[in-house]
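A.B. asks: Residue numbers for the sequence shown follow our numbering, beginning at 468 and rising by one. Take this structure, written in structure tokens, and hold onto it; I'll ask about it next.
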Amino acid sequence: MEHTAITSALSLSLYHLDINDCPIKPDVLIFKGREGLSEAFSWRIEFTAPQTVQRKDVLMKYARFDMNGRKTIYGVITRFEWLSTNADQSHYAVTLQSRLALLSRTRRCAIFQNQSVPEVVEQVLRAHGLEGPDFAFRLSREYPCRDIITQWRETDLEFIQRILAEVGIWFRFVMNDATELDVVIFGDTQLQYEFDIRLPYREPSGLSAEESVWGVRTWHTVVSGLAHVNRYNYRSATSPMQAQVAVRSEAVTTGEHYRYGDIYPEEGDEHDPEPATESGAFYARIDHERELNKSTRLHLFSNAPHLAPGQVLEPLGDVITALKNGVLMTLLTYRGARDSRLHVSVWGQPYTERYGFRPDCPPRPEIHGTLPAHVESREKHDIYAHLDEYGRYRVRLDVDRSDSDPGFGYAWLRMAKPYTAEDAGWHMPLIDGTEVAIAWRHGDIDQPYIAHALHDSEHADVVNRDNRSQNILRTAGDNELRMEDRRGEEHIALTTPYGASQLNEGHVVDAQGKPRGAGFELRTDEYGVIRVAKGLFITAEGQARAAGEVLDMETALKEITLCLQQIEELGRAAEQAQALQADIASQTVMFNERLKPLNQMIHAHGPQGVAFTSGEHMQLAAAKNVAINAGGDISVGVMGNMTALTGDKLGLFAHTGPLSLKSSEGPVEMQAQNGRMSLAAQKTLTMTSTRDISFAGKKRITLIGGGSYLKIEQGKIEYGTTAVYLRRVPRTYVGAATAMAVDLPSHNSVEEMPVPLNAFLFS
């Protein structure tokens, strides 16, 4: 930097202002300065110059303000004022500020992820051109990374002041004579103060210009006796998050300072004087230290220009108790002129080892309402939701201007849902590109969540002007629940594209909305299964407006009861006729124990009929009994063969009508292959043939009528009667002995079944 040499021959002023690359030679008239902990210093300097000064000659120029070698301020000119002009010179004023003050000219919204507070501050400083030698973090603690730190409509200076104050970090300035630049020092404990600053305590006299302090004043205030913090953390919902800390001090205290909603991951040890950084106990301690800073305030006057914020001043001499351990200077104002001495006003607090300076915490910006964002996945156009193990989403806020990789634009966010419970809930996943509205819990800019999802021009709403009567729930995979509210056409359709499986109820329509019928339809192109554990009742009997009991089987059971009564009567008739008895007892047991209570049974009932049809085969199988009862007729018609096979007996009994067995084209065969066959009739037994009748017996044939008989056996014919034997023939021939061969059917033995039939059917 080039300096303008102002010699004592030209001016007797003790104060000199040099502006880099500026042709003017300012002659300082008067100045005022303000320096404080955790704020950018600012000096307003009035001067005169013989020539006209243009704003381009001073604004944004580095400058040096020197106080006779006792204090030098390096900064940048941020304001230029023209005050007056006369024939000899012009009167101007400039504002000299730290480079950090330039951060107040940038206001923005920004999102920082997975960084600690010091790392975020460093990133902001470097974005404004400050390099490593321009700032130093002299911190006693390690600060953890946070998921998210949000800057919302704040200047960069306001932002770093806020996030630093929230964790108790303060900053001060020192001047680097080598680089002729100001340097920011960040600290968080008493270790970063500047000590060994001693001045006598006495008022200056007209005969002495020795540097000193004087005019002490004190203010004592009652403050809170403890700080209490609490929050809710959904990641450890049952863990206690309360902490309260009371820092030992000599202050007069009462009550408590309670804050809810600070963000910290754990409760922390409230009895530890050095609790875990950014724990609940840490924030409680910072809060109480900030309260104790207000308990005693000190004010002094001085003429020493080298005093600065962050220094611990030790007044020498007979001082009051509040000054004995020193004064931490937190704010200083300077005032001087070329024709008057320097006047320094010092504000501070008593130095103590028990607690340190904590800057006042500015109110955190709040976001009320919602901001637009879009769900983001690491894969562009991902057809599935990008979630973490907690079911949270990544989004990209429209306000965010960063160029982060897809899927990393914002912290993981929970989504508000209409219902949740332990191992239960309602969650319809959001896929890449879905527009969502982001809200913030009680407006806290670092506690966002997804409030709801919205349709936009790229994602059309499933309900619009054309189908306004429908209520539709449709997933990204085209699974759909559609409920139609159009009067007279109400219906519900539950569909999935796989196998075109559908459940349609009410006024059934097709994809184009054309009617297909009414009632309900369950269909699929794949397999279908109805599986129940207790019982299934299928009926075509109406139940108006579902006004009765679900298992109302009264009508169906009455019909079965009537059939059972009829079958029991037939059974008694068959018993009298010595016919084969039906197993009616098992039907009664099944009715009482299974069918009536619907105990693991399927009961199909149709008041006007039940029909089962098949394009090919139909099979009825039972491990035990199959009972078919009818109050009227049973008609069985087949176009092919009909076979009735029994493992034991087969009985046919007609109670009051004939039993007819006829064959239109083929023969009728009846065989008792390993037993006897009986034909008996109470009345006439007639055997008629339009051609031949053949009686054949391998051993004999006996015909008996009214006591007379004819016995035909091998080599012998015998007939006998008790009265007349009458033979009416025109001729009788006697020939040679002969015999006729008998064509008997072969009777193969049938093996007994080694295992019951039900073992094959239901094994």
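Glycine included, every Cβ here is placed at the ideal spot set by N, Cα and C.
What span of residues does the beta strand (DSSP E) with L504 cover, start to end?
C.D. replies: From DSSP, L504 is part of no beta strand (DSSP E); its letter is neither H nor E.
A.B. asks: To the nearest angstrom, report how far apart T1028 and Y994 are at their CA atoms.
C.D. replies: Cα-Cα distance, rounded: 36 Å.
A.B. asks: Work out the CA separation of Q914 and G836 for me, nearest whole Å.
C.D. replies: When rounded, the distance between both Cα atoms is 13 Å.
A.B. asks: Applying the criterion that 16 or more other CB atoms from any shown protein chain within 10 Å of the CB defines a buried residue, is I1095 buried or exposed?
C.D. replies: It is exposed - the Cβ of I1095 has fewer than 16 other Cβ atoms within 10 Å.
A.B. asks: Nearest-angstrom Cα distance between R639 and V520?
C.D. replies: For R639 and V520, the distance between alpha carbons rounds to 33 Å.
A.B. asks: Work out the CA separation of I1101 and F1227 for me, nearest whole Å.
C.D. replies: For F1227, the pLDDT reaches just 45, beneath the cut-off of 50, and the residue's location in the model is therefore unreliable, although a value from the coordinates is still provided. Each residue's Cα considered, the two are about 29 Å apart.
A.B. asks: CB-CB under 8 Å to V930, same chain, minus the five flanking residues each way: which ones, in chain order?
C.D. replies: Q937, N938, I939, listed in sequence order.
A.B. asks: Can you find the residues in the same chain that come closer than 6 Å, C-beta to C-beta, to H922, ignoring five residues on each side of it along the sequence?
C.D. replies: Counting only Cβ-Cβ distances below 6 Å, and skipping sequence neighbours, we find D928.
A.B. asks: Run through DSSP, which three-state label would A560 get?
C.D. replies: Correct three-state label for A560: strand.
A.B. asks: Specify the secondary structure class of M1057 as computed by DSSP and reduced to three states.
C.D. replies: Note: M1057 maps to helix in three-state DSSP.
A.B. asks: Between H546 and the rest of its own chain, which residues show a CB-CB distance below 7 Å, the 5 nearest in sequence each way excluded?
C.D. replies: What sits at residue 546 in the sequence shown is Arg, not His. Same-chain partners within the cutoff: V561, T562.
A.B. asks: Can you give me the Cβ contacts of Y610 inside the same chain, cut-off strictly under 7 Å, excluding the 5 residues immediately before and after it?
C.D. replies: Correct list, in chain order: S583, V584, P585, V634, T744, E745.
A.B. asks: What does DSSP give as the partner residues of L948 in its beta bridges?
C.D. replies: Looking at the DSSP assignment, L948 forms a beta bridge with L940, L961.
A.B. asks: Which same chain residues, not among the five before or five after R757, have their C-beta less than 6 Å away from its C-beta?
C.D. replies: For R757, where only same-chain residues beyond five positions count, the Cβ hits under 6 Å are R825.
A.B. asks: Would you kindly report the start and end of the unbroken beta strand (DSSP E) that includes V696?
C.D. replies: First-last of the beta strand (DSSP E) with V696: 690-697.
A.B. asks: Look up I491 in the DSSP assignment and say whether it is helix, strand or coil.
C.D. replies: Coil, per DSSP.
A.B. asks: Whole angstroms is fine: what's the gap from G784's alpha carbon to P772's?
C.D. replies: Using only the alpha carbons, I get a separation of about 20 Å.
A.B. asks: The beta strand (DSSP E) spanning R531 covers which residue range?
C.D. replies: It spans 529-534 - the beta strand (DSSP E) in which R531 sits, taken as one unbroken run.
A.B. asks: Compare the beta carbon distance of A1046 and G1114 with 8 Å and say whether it is the shorter of the two.
C.D. replies: Against a cut-off of 8 Å, the Cβ pair of G1114 and A1046 comes out as no contact.
A.B. asks: Of the choices A960, L567, L1065, H853, whose alpha-carbon is the least far from that of G542?
C.D. replies: For G542, the nearest C-alpha among the options comes from L567.
A.B. asks: Terminal residues of the continuous beta strand (DSSP E) containing H1072?
C.D. replies: Residues 1068-1072.
A.B. asks: Under three-state DSSP, which class holds V588?
C.D. replies: V588: helix per DSSP, three-state reduction.
A.B. asks: In this structure, what does DSSP give as the bridge partners for N971?
C.D. replies: N971 pairs with A960, E988.
A.B. asks: Should M534 and L481 be called a contact, given that it needs their Cβ atoms to be closer than 8 Å?
C.D. replies: Yes, they are a contact pair.
A.B. asks: For the beta strand (DSSP E) containing E661, name the first residue and the last one.
C.D. replies: Taken as a continuous stretch (DSSP letters only), the beta strand (DSSP E) holding E661 covers 661-667.
A.B. asks: List the whole-angstrom C-beta distance separating V696 from Y750, where the pair is believed to meet the contact cut-off of C-beta under 8 Å.
C.D. replies: Between Y750 and V696 the Cβ distance is about 5 Å, and since that is below 8 Å, they are a contact.
A.B. asks: Please name the residue, chosen from V1077, M1068, D1050, that lies closest to A1007 on a Cα-to-Cα basis.
C.D. replies: Among V1077, M1068, D1050, the Cα nearest to that of A1007 belongs to V1077.
A.B. asks: Within 10 angstroms of the Cβ of H894, are there 16 or more other Cβ atoms? Answer buried if so, exposed if not.
C.D. replies: By the 10 Å Cβ count, H894 comes out exposed.
A.B. asks: When the Cα atoms are used, what is the spatial distance from D855 to I616?
C.D. replies: Roughly 20 Å between the two C-alpha positions.
A.B. asks: Any idea if P782 is buried or exposed, counting beta-carbon neighbours within 10 angstroms, 16 or more meaning buried?
C.D. replies: So P782 ends up on the buried side.
A.B. asks: Report the three-state DSSP secondary structure of L765 (helix, strand or coil).
C.D. replies: Correct three-state label for L765: strand.
A.B. asks: Could you give the residue range of the beta strand (DSSP E) that holds G1246?
C.D. replies: Since the displayed the chain opens at 468 and closes at 1230, residue 1246 lies outside it and no answer follows.
A.B. asks: Can you find the residues in the same chain that come closer than 6 Å, C-beta to C-beta, to A1040, ignoring five residues on each side of it along the sequence?
C.D. replies: Cβ within range, chain order: H1122.
A.B. asks: Evaluate H470 with the Cβ neighbour count: other Cβ atoms within 10 Å of its Cβ, from every protein chain shown; 16 or more gives buried, anything less gives exposed.
C.D. replies: Residue placement at H470 is poorly supported in this model, since its pLDDT is 38, which falls under 50; the coordinates are not used for a value here.
A.B. asks: Indicate the three-state DSSP secondary structure (helix, strand or coil) for H738 in the structure shown.
C.D. replies: Looking at H738 - three-state DSSP - the assignment turns out to be coil, as it is neither helix nor strand.
A.B. asks: Does the Cβ-Cβ distance between G1098 and Q1033 come in under 8 Å?
C.D. replies: Contact: yes.
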